[in-house]
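The opening position of the sequence shown corresponds to residue 201 in this note's numbering, with each subsequent residue numbered one higher. Positions of the beta carbon are idealized from the N, C-alpha and C atoms, including for glycine. So the structure is just underneath, and the comments pick up after that.
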Amino acid sequence: QSRNYTAYEHALNIFRTTERGPLLFINGDNHLFPVIYTRLVERMREDAVVYDRLNLIFKMPDAGKGVPPRTLTWEEQRNALEKDLIVESRGRPVYYAVFGPYAVDLPDLYRLIQKGILSRMVKEGENVEMGDLHRVWATYAMESIYAPFEKDFMNREICAYYFFDRGKSLILSGQTSAGLTHMKRARDMGYNDNVIHSEMAVFLTDHGFFEEANLSLERALLYHEDLSGVHNNWGYYYHKIGKYEEAVTAFRMAVDLKPERYGFLNNLAFALFEAGHKEEASRVFQKSLSLKENQSEIRKFMKDKGLFGDTPS
201 QSRNYTAYEH ALNIFRTTER GPLLFINGDN HLFPVIYTRL VERMREDAVV
251 YDRLNLIFKM PDAGKGVPPR TLTWEEQRNA LEKDLIVESR GRPVYYAVFG
301 PYAVDLPDLY RLIQKGILSR MVKEGENVEM GDLHRVWATY AMESIYAPFE
351 KDFMNREICA YYFFDRGKSL ILSGQTSAGL THMKRARDMG YNDNVIHSEM
401 AVFLTDHGFF EEANLSLERA LLYHEDLSGV HNNWGYYYHK IGKYEEAVTA
451 FRMAVDLKPE RYGFLNNLAF ALFEAGHKEE ASRVFQKSLS LKENQSEIRK
501 FMKDKGLFGD TPS
């Protein structure tokens with residue numbers, strides 16, 4: 201354990217990823233504690249504005265006299281505040297240090313791209329220097345990541361996600377074999393992590409590595425924090441490989457667990473449409489729109505495919 205500098209090196213690597221003057225949104229103790237220590241104790245990177253996503257809004261309801269009742273969930277309020285901060289960032293680079301960037305609710309016309317171990321927010325149409333995204337790996341402190349000492353859960357989480365992120369970067373740069381090797385190491389090291397397997401499955405599915413994606417999905421069924429999300433990812437996997445009836449079954453299981461998630465309903469409706477069940481697809485789309493009216497792309501799809509009306513074609 202005398203060689204266990206994992207947390208300190210993780211903080212160094214987070215800050216080495218960012219340009220000067222960034223906004224940095226942090227989620228989870230394994231990101232927060234190392235960054236807070238280096239910031240407060242060593243006064244590292246005082247140019248960075250650091251936000252703890254779990255404390256952007258004080259969670260206790262009606263904590264003060266005259267505080268109006270909450271009309272949105274805490275997560276919805278947090279997401280809305282984050283979006284405002286991003287849109288009003290005035291050109292400052294915005295980064296997320298999160299395990300699971302797929303779950304970040306993005307502002308319109310923005311997307312997340314991987315840069316090293318972080319995710320960077322970019323606006324649609326913004327030019328991204330790809331070389332800069334790859335060069336960052338050479339700047340990282342990695343001694344404790346590769347050191348053979350016994351790693352506890354938190355150390356394994358940091359190290360597993362390092363190998364996962366490195367694997368993604370290698371695959372995206374065309375180094376498929378090395379990338380998949382890193383993915384396997386991440387899967388083995390973070391064997392009981394409750395997020396990494398779902399994240400890995402989605403990435404591998406997106407890039408056509410369906411056999412490896414299946415392995416990650418099987419592991420996600422054993423270790424998860426949101427079973428509905430796992431079933432949704434299974435549906436996504438089946439939809440990608442053209443097994444639409446299996447996709448429908450998986451998406452139904454996701455919707456049964458979390459019927460308020462309009463995104464799950466949309467996924468189910470698309471799968472129903474592909475499987476030839478257009479009338480039921482129309483009903484499911486309508487239910488999604490009842491939960492969130494402002495879905496222009498869904499309305500356009502329904503109009504183009506003739507799914508509005510009593511007898512959709």
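>> Rounded to whole angstroms, what is the Cα-Cα separation between asparagine 227 and leucine 254?
In response: 7 Å
> Looking only at its own chain, which residues have a Cβ that is under 8 Å from the Cβ of serine 369, when we skip the five neighbours before and after it?
Replying inline: Gln314, Gly316, Leu333, His334, Trp337 and Gly379
> Which residues share a DSSP beta bridge with methionine 321?
Replying inline: Val294 and Leu312
>> Please state the DSSP three-state secondary structure of aspartate 247.
In response: coil
> Using 8 Å as the threshold, is the segment 460 to 478 in touch with the segment 427 to 434, meaning 3 or more CB pairs across them?
Replying inline: yes
> DSSP on aspartate 426, reduced to helix/strand/coil?
Replying inline: coil
>> Can you list, in chain order, the residues of its chain with a C-beta nearer than 7 Å to that of leucine 309? Leave out the 5 residues immediately preceding and following it.
In response: Lys323 and Glu324
> Which residue comes first and which comes last in the beta strand (DSSP E) that contains isoleucine 226?
Replying inline: 223 to 226
> Can you give the Cα-Cα distance for tryptophan 274 and serine 377, rounded to whole angstroms?
Replying inline: 42 Å
> What did DSSP end up calling aspartate 252 once you bin it into helix, strand or coil?
Replying inline: strand
>> Give me, in chain order, the residues of the same chain whose beta-carbon lies closer than 7 Å to that of valine 250; leave out the 5 immediate sequence neighbours on both sides.
In response: Leu224, Ile226, Val235 and Arg239
> Rounded to the nearest angstrom, how far is the Cβ of methionine 400 from that of arginine 387, given a contact under 8 Å?
Replying inline: 7 Å
>> With distance defined between alpha-carbon atoms, name the residue in Tyr436, Asn392 and His424 nearest to alanine 413.
In response: Tyr436
> Applying the criterion that 16 or more other CB atoms from any shown protein chain within 10 Å of the CB defines a buried residue, is lysine 503 buried or exposed?
Replying inline: exposed
> Leaving out five residues before and five after alanine 360 in sequence, what residues of the same chain have Cβ atoms less than 7 Å from its Cβ?
Replying inline: Ala386, Met389, Gly390, Asp393 and Ile396
> Going straight from the alpha carbon of phenylalanine 485 to that of glutamate 282, what length do you get?
Replying inline: 28 Å
>> Going by beta-carbon coordinates alone, are threonine 218 and alanine 248 separated by less than 8 Å?
In response: yes
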